[in-house]
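A short worksheet on the structure shown next.
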Amino acid sequence: MHAPPLTREPTPALVIIGHGMAAQKLLEQLVSLSPDQQLPWPVTVIGEEPHLPYNRIQLSPLLAGETRTEGLISQQADWFSRHGITRISGDPISQIDRAARCVETASGGRIPYQRLVIATGSRPALPLPLPAHLPESSSANDWPPGLMGFRDLKDVEQMQAACLAGRREGAGALVIGGGLLGLEAAEGLRKGGLEVTLLQRSERLMNRQLDDVAAGLLEQELRERGLDIITGAHLEEWLETPAGRITGVRLKDGRELHAGLTIAATGIRPEIELACAAGLACQRAIQVDGHLLTSDPHIHALGECSEVDGETFGLIEPIWAQIEVLTRQLLTQPTPPYRNAPLATRLKISGIDLYSCGELAPQPKDEVLVYQDHALGDYRRLLLREERLVGVVLYGDVSAGNALFEALKGGTPLTRIREDLLLMPAEALARLTQDGPPTAPDDPSGKPGTQDMTDQHRDRDTTDKNDNTPDTFEEAA
Numbered sequence: 003m004h005a006p007p008l009t010r011e012p013t014p015a016l017v018i019i020g021h022g023m024a025a026q027k028l029l030e031q032l033v034s035l036s037p038d039q040q041l042p043w044p045v046t047v048i049g050e051e052p053h054l055p056y057n058r059i060q061l062s063p064l065l066a067g068e069t070r071t072e073g074l075i076s077q078q079a080d081w082f083s084r085h086g087i088t089r090i091s092g093d094p095i096s097q098i099d100r101a102a103r104c105v106e107t108a109s110g111g112r113i114p115y116q117r118l119v120i121a122t123g124s125r126p127a128l129p130l131p132l133p134a135h136l137p138e139s140s141s142a143n144d145w146p147p148g149l150m151g152f153r154d155l156k157d158v159e160q161m162q163a164a165c166l167a168g169r170r171e172g173a174g175a176l177v178i179g180g181g182l183l184g185l186e187a188a189e190g191l192r193k194g195g196l197e198v199t200l201l202q203r204s205e206r207l208m209n210r211q212l213d214d215v216a217a218g219l220l221e222q223e224l225r226e227r228g229l230d231i232i233t234g235a236h237l238e239e240w241l242e243t244p245a246g247r248i249t250g251v252r253l254k255d256g257r258e259l260h261a262g263l264t265i266a267a268t269g270i271r272p273e274i275e276l277a278c279a280a281g282l283a284c285q286r287a288i289q290v291d292g293h294l295l296t297s298d299p300h301i302h303a304l305g306e307c308s309e310v311d312g313e314t315f316g317l318i319e320p321i322w323a324q325i326e327v328l329t330r331q332l333l334t335q336p337t338p339p340y341r342n343a344p345l346a347t348r349l350k351i352s353g354i355d356l357y358s359c360g361e362l363a364p365q366p367k368d369e370v371l372v373y374q375d376h377a378l379g380d381y382r383r384l385l386l387r388e389e390r391l392v393g394v395v396l397y398g399d400v401s402a403g404n405a406l407f408e409a410l411k412g413g414t415p416l417t418r419i420r421e422d423l424l425l426m427p428a429e430a431l432a433r434l435t436q437d438g439p440p441t442a443p444d445d446p447s448g449k450p451g452t453q454d455m456t457d458q459h460r461d462r463d464t465t466d467k468n469d470n471t472p473d474t475f476e477e478a479a
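So in our numbering, spot 251 of the sequence shown is number 253, and the numbers just go up one at a time.
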């Protein structure tokens, strides 16, 4: 299926639903790759929020008081007018009329399109069981008072107000979810002066990205900062006032935890209601091909609301790669299709550095290389399969993260640099690149070699082992 080329008439040629980071990056890429940075056809972008576009990645530093709101703004209003882009804010789309090729806004406006890009993003997901009388499909705007997500500027403003009230009234906060978002929210609220309890359903924090050791180091650091952390916490019931305000939770072990504010950070749900109502093919998200085309050749989908080969998206890197493909598609420039690829994760908490990419649980014949410097608080865990890197966990010193990630994506045999891979990973990988193509391992059986580095550095542990017991983990909650 091929999308028809855009023309200058009728106006507008391109309409984008949603004006988050993905939509704004797409606009900037279109401008950058257009002749003289002038778009060849009219564009309209429609956002639900009243704000100028902003960098959501900086919401955590904003909550923690490490940056200011104006520092998050991506572009000022005059940028859009200079490039012939019509920006509509605070008037979300209520309907896509595919037959008429137009969209309708909540205020009743109708905007025609030649090509449509759906970039509606996602909404916070609630952990089960749901609060009374709240359907699972509810948006965060419908959640009862006292319960909220952590997704946009309005959320941060409400959380900052809760910090002021909590300090005055002595009320603390609950954060449900020990993944990236939950940890960032909990640390931001703690820095705002609240007593914070973080609940994680798994037995370890960031259970999708970290092994037991790295998760233990992270938990120890956060506890020392003042966070109360409960792992293995299973929600039994929400505590509510007669008026319906959430005041805490009851766990399955009988404990009741009370708070003035509860943050749900247990994942996201792609915003696909408009697409489903319009009859586009959807599963967990809007199904698109490698050119980001939906089941309608005039409609694309992008970012957290899209699904490619069964994969959905919550990190920036794959969405940026999608934008590269879609930009050239819209400008009719040759481009290979988007393909899913390994992802890297890095925590955004001041003073804590961790990096994770690739697989976490080893297969029976995999090799696990581990290095730890107790004095410096550094930890590395590399997962090898047939002498190739397939998984990385770094805590403390993460300077080699990007180099290791590139080696993982490239599938480069690492036989010649095994002895230095743990102690000096970046240097070893650089030397491997300089030395040229790898040679075959000396051992014709292909069995991984071993090395002894346990006594090279005081307070440092390195191990090289075949681990036949895969790690197990449940989905973060």
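The beta carbon of each residue, even a glycine, is placed where N, CA and C say it ideally should be.
Keep in mind that this is a model prediction, so the values were computed, not measured.
- For V177, the pairing in a beta bridge is given by DSSP as L200 and I265.
- The count of Cβ pairs closer than 8 Å, one atom from the region 299-307 and one from the region 109-118, reaches three, so the stretches are in contact.
- In the DSSP assignment, L220 falls within the alpha helix (DSSP H) that extends over D214 to R227.
- Rounded to the nearest angstrom, the gap between the Cα atoms of R58 and T46 is 22 Å.
- As DSSP reads the structure, Y381 sits in a beta bridge with Q374 and Y397.
- Between K254 and E238, the beta carbon gap of about 5 Å places them in contact (Cβ cut-off 8 Å).
- The residue from G312, A279 and A280 with its alpha-carbon nearest to that of D291 is G312.
- R112 counts as exposed, since fewer than 16 other beta carbons sit within 10 angstroms of its beta carbon.
- Straight-line spacing of the CA atoms in L333 and P320 works out to 20 Å.
- In this structure the region 204-219 does not lie against the region 89-109, because fewer than three pairs of beta carbons, one per stretch, are closer than 8 Å.
- Boundaries of the beta strand (DSSP E) harbouring I270: I270 to P272, taken from the DSSP string.
- The alpha-carbon separation between G123 and G180 amounts to approximately 22 Å.
- V370 and R387 have their C-alpha atoms some 9 Å from each other.
- C-alpha of L396 to C-alpha of E421: approximately 18 Å in a straight line.
- Counting only unbroken stretches of 3 or more residues, the beta strand (DSSP E) elements lying wholly within the region 14-58 are 16-19 and 45-49, in sequence order.
- For I325, there is no enclosing beta strand (DSSP E); the enclosing alpha helix (DSSP H) covers residues I318 to L332.
- The Cβ neighbour count for L130, taken over all protein chains shown within 10 Å, is under 16; the residue is labelled exposed.
- With distances taken between CA atoms, W240 lies nearest to P146 out of P146, V158 and V17.
- For the 8 Å CB-CB criterion, G360 and V327 do not form a contact.
- The three-state secondary structure of T233, taken from DSSP, is strand.
- Per DSSP, the beta-bridge partners of V119 are I18 and H302.
- In terms of Cβ geometry, R153 and P126 form a close pair [threshold 8 Å].
- Closest by C-alpha distance to R271, out of L434, R348, G151 and L424, is G151.
- Approximately 7 Å separates the beta-carbon atoms of I265 and A175; this is inside 8 Å, confirming the contact.
- Assignment of T88 by DSSP, reduced to helix, strand and coil, places it in the strand class.
- Judged by their CB atoms, E189 and T233 are not nearer to each other than the 8 Å cut-off.
- Proximity of the region 67-79 to the region 34-51 falls short of the contact definition, fewer than three beta-carbon pairs being nearer than 8 Å.
- Membership of D99 in the beta strand (DSSP E) is indicated by the continuous run I95 to D99.
- Around A405, the same chain offers P427, A428, L431 and A432 as residues with beta carbons nearer than 8 Å, after the five sequence neighbours per side are excluded.
- Bounds of the beta strand (DSSP E) holding Q289 are I288 to V290.
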